[in-house]
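Data block below; observations after.
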Amino acid sequence: MFSEILKLTKTYKNINRITQILNILAKHGFGQFIEQLNLNRLIPFRKRLKILAQSEIIETTIAERLRRAFSDLGPSFIKLAQILSSRPDLITEKYAAEFAKLQDEVPPFAYASVRETIEKDLHMPIEEIFAEIEETPVAAASVSQVHRAVLNDGTKVVVKVQRPHIRQTIETDINIMRFLASLMLKYMPGTDIFNPLGIVEEFAKTIKRELNFMEEAKNVQRFARNFKDIENVKIPILYPAYTSERVIVLERIEGIRINDVKSMEKFGFDKSAIAENLVNAYFKMILEDGFFHADPHPGNLFITEDAVIGIVDFGMVGWLTPDVMESIAGILIAIVNKDFESLVDEFITIGMVTEEVDIDRFRREFLNDMMEILIPLYDTALAEINFAEYLDTITKVSLKHKLKIPSSLLLIDKCMLMVDSIVREIDKDFNFITASAPYTAMLIRKKYGPKKMYAKVGKNLSDLADSIVDTPKKLRVLLRKMINNEFSVKFNIIGIERLIRDFDRSTNRLSFSIVTASIIMSSAILTMSGIGAKIFDMPAIGTLGFVISFFLGIWLIISIIRSGRL
21 MFSEILKLTK TYKNINRITQ ILNILAKHGF GQFIEQLNLN RLIPFRKRLK
71 ILAQSEIIET TIAERLRRAF SDLGPSFIKL AQILSSRPDL ITEKYAAEFA
121 KLQDEVPPFA YASVRETIEK DLHMPIEEIF AEIEETPVAA ASVSQVHRAV
171 LNDGTKVVVK VQRPHIRQTI ETDINIMRFL ASLMLKYMPG TDIFNPLGIV
221 EEFAKTIKRE LNFMEEAKNV QRFARNFKDI ENVKIPILYP AYTSERVIVL
271 ERIEGIRIND VKSMEKFGFD KSAIAENLVN AYFKMILEDG FFHADPHPGN
321 LFITEDAVIG IVDFGMVGWL TPDVMESIAG ILIAIVNKDF ESLVDEFITI
371 GMVTEEVDID RFRREFLNDM MEILIPLYDT ALAEINFAEY LDTITKVSLK
421 HKLKIPSSLL LIDKCMLMVD SIVREIDKDF NFITASAPYT AMLIRKKYGP
471 KKMYAKVGKN LSDLADSIVD TPKKLRVLLR KMINNEFSVK FNIIGIERLI
521 RDFDRSTNRL SFSIVTASII MSSAILTMSG IGAKIFDMPA IGTLGFVISF
571 FLGIWLIISI IRSGRL
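The sequence shown maps to residues 21 to 586 in our numbering.
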């Protein structure tokens, strides 16, 4: 335990932060988790009693308590929860749904800090950039806040400024997350299934990109290129001269929120056309570009006065590799052709079936589930089919079979559910299947076109040639290892260190109890015999033995209570 505390003090600049995290977790009922990680002694016994006395006893689920704890833990943990909300394959649907409720809304920071950051990063007085800038932000989140402004040439813009010291705060928290994840692997058998260290590293990579506004600027420029010929979608203009790692200036898109149906009707907008344009924009991003806006909530989508969809906030995006895009095409084609065997093959090809899964059993059971879900589709009117709901159902069935779903596909599932929700508010009669038809046809042409088939044949021949050339070398390596007895089998007994520690603790307490009992018995014999000097007409040695055994017994009881294991 002391070595772990020493490691903490060496690793983290501020030991108070880890203590604060543990206190908040304990407050929300995760004391057992802290004890399992062998960190309970970082919270003093009196403090633990105080936390228990102050905590509210509410009948809530573990997922809800964890969501509240993350909310109290601040921006790093809120961001982690938001990212995990799109990974039900890692944390189960129950936790993903609960984390999705977290709102990234915090009080704004002072305008003086906004001005200081802008002038420091852009190397010029703020008056040389803006004719005016509103001191009150229009939105404030844990990482940044947004202000309306006007450039000196009269252009209306928005300025996104990073929160002061947020990088240091998040860096410290990520180090703590890594340490807690390593303790989970060490002391909590079975947690390796969730790959806690992998989750932390994925979060660290994602938040690093989000903290660098130059990355967001690249995203804006890429979306602008992809949509330059699409008249019904507006991507804001980026001002590179006024952009840095902590500041980004974009054209201000003014309009109504995309789910403001009453205003649409008031201005006479064609709701069906807007719904179709939104869905087409996302089909283009996902099925054609392989690069999509991953946060399509109504606050990031606007309708301008000329009925154009304006998209803002490009910090969260998703990518699709050509292989994944081809597999998506194969899945859609298999569904259209009612070819369920090919559908299962595509799931295997994409790498979603891990080595631990029994392929034959998976084929049989997954095929039955897919047929049960999809066959009713073919007898249903197009207008009655909820495309996003079926996509989500397929995802849930995949999770049921413990498939390793690429994070990009889960992000697509989340995006399409959000888009579907918006579209149904705008136009209840909108049909996803009809809208997807042109893109499905495009994918079929791409997948089976002469150019693609030629490239695939060439790649397969190249792979075959490499395999033929490499086989003798690999056989020599294998034979050499067999001859030199270099094969070995490694056993890793999960949780053995904790078991040994607990056994040692129990043995020590048992020995201590036996010694205490022996002192009591010896003292009783001496007292009854009356041998030796006396104090108040009682044998002194026997009385001393009783006093010693009394204090030893009290100490033993306190140590058991403090351990939390009665």
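Ideal Cβ placement from N, Cα and C applies to all residues, glycine included.
Reduced DSSP category for residue i - H, G, I as helix; E, B as strand; rest coil
i, result
"I186", "helix"
"V328", "coil"
"F382", "helix"
"S164", "strand"
"L231", "helix"
"E274", "coil"
"I194", "helix"
"G218", "helix"
"S569", "helix"
"I38", "helix"
"K238", "helix"
"I574", "helix"
"V344", "helix"
"A314", "coil"
"L394", "helix"
"A537", "helix"
Whole-angstrom C-beta distance between residue j and residue i, which should lie under 8 Å
i, j, result
"V178", "L298", "Between L298 and V178 the Cβ distance is about 22 Å, and since that is not below 8 Å, they are no contact."
"A349", "L363", "That pair is no contact at about 12 Å."
"A295", "F450", "5 Å"
"E152", "A130", "No, E152 and A130 are not in contact; Cβ-Cβ is about 18 Å, not under 8 Å."
"R229", "E222", "11 Å between Cβ atoms; not a contact."
"P316", "C435", "6 Å"
"Y459", "E308", "7 Å"
"T192", "R37", "6 Å"
"I149", "R135", "About 11 Å; that fails the 8 Å criterion."
Under 8 Å between C-beta atoms of residue i and residue j
i, j, result
"F311", "W339", "yes"
"L431", "S106", "yes"
"R183", "V166", "no"
"A224", "P260", "no"
"V267", "V181", "yes"
"L93", "I44", "yes"
"V417", "D389", "yes"
"A83", "I63", "no"
"Q102", "Y207", "no"
"G573", "S542", "no"
"V344", "P426", "yes"
"L142", "R187", "no"
"K254", "T324", "yes"
"L100", "I111", "no"
"M372", "K424", "yes"
"R88", "F119", "no"
"R85", "G51", "no"
"I545", "I568", "no"
"L2", "L217", "For residue 2 there is no data in the structure shown, the boundaries of the chain being 21 and 586."
"I442", "I194", "no"
Nearest neighbour of residue i, chosen from the options [CA to CA]
i, options, result
"A159", "T189, D141, P128", "P128"
"T263", "D378, I98, F233, L110", "F233"
"I446", "I227, S538, P318", "P318"
"L352", "E147, M208, S456", "S456"
"E274", "E230, L321, S428", "L321"
"I35", "R135, I196, I146, L419", "I196"
"T595", "E361, S347, N357", "Because the chain in this structure spans residues 21 to 586, residue 595 falls outside the shown range and cannot be described."
"F289", "M305, M436, V328", "V328"
"N239", "I306, D380, D333", "D333"
"S96", "Y115, L110, L122", "L122"
"L258", "I534, L171, I574", "L171"
"F571", "G174, I111, T536, D249", "T536"
"M391", "K422, V281, T374, D359", "D359"
"I54", "F199, I149, F150", "F199"
"T189", "G335, T211, I41", "I41"
"E214", "I276, Q241, P108, A244", "The sequence given here has Phe at residue 214, not Glu. Cα-wise, what sits closest to F214 is P108."
Terminal residues of the beta strand (DSSP E) in which residue i lies
i, result
"V439", "It is not in any beta strand (DSSP E) - V439 instead sits in the alpha helix (DSSP H) that spans 427–446."
"L321", "321–323"
"A151", "150–153"
"V337", "337–339"
"F97", "It is not in any beta strand (DSSP E) - F97 instead sits in the alpha helix (DSSP H) that spans 95–104."
"F129", "Counting along the chain, F129 falls outside any beta strand (DSSP E), and DSSP gives it neither H nor E."
Below-8 Å beta-carbon distance, residue i vs any chain C residue
i, result
"F382", "Within the model displayed, chain C is absent; a lone protein chain is all it includes."
For residue i, the first and last residue of its enclosing alpha helix (DSSP H)
i, result
"G51", "51–56"
"F287", "281–287"
"F303", "291–303"
"S264", "Neither: S264 is in no alpha helix (DSSP H) and is coded neither H nor E."
"L365", "Checking the displayed sequence, the identity of residue 365 turns out to be Asp instead of Leu. Element bounds for D365: 360–369."
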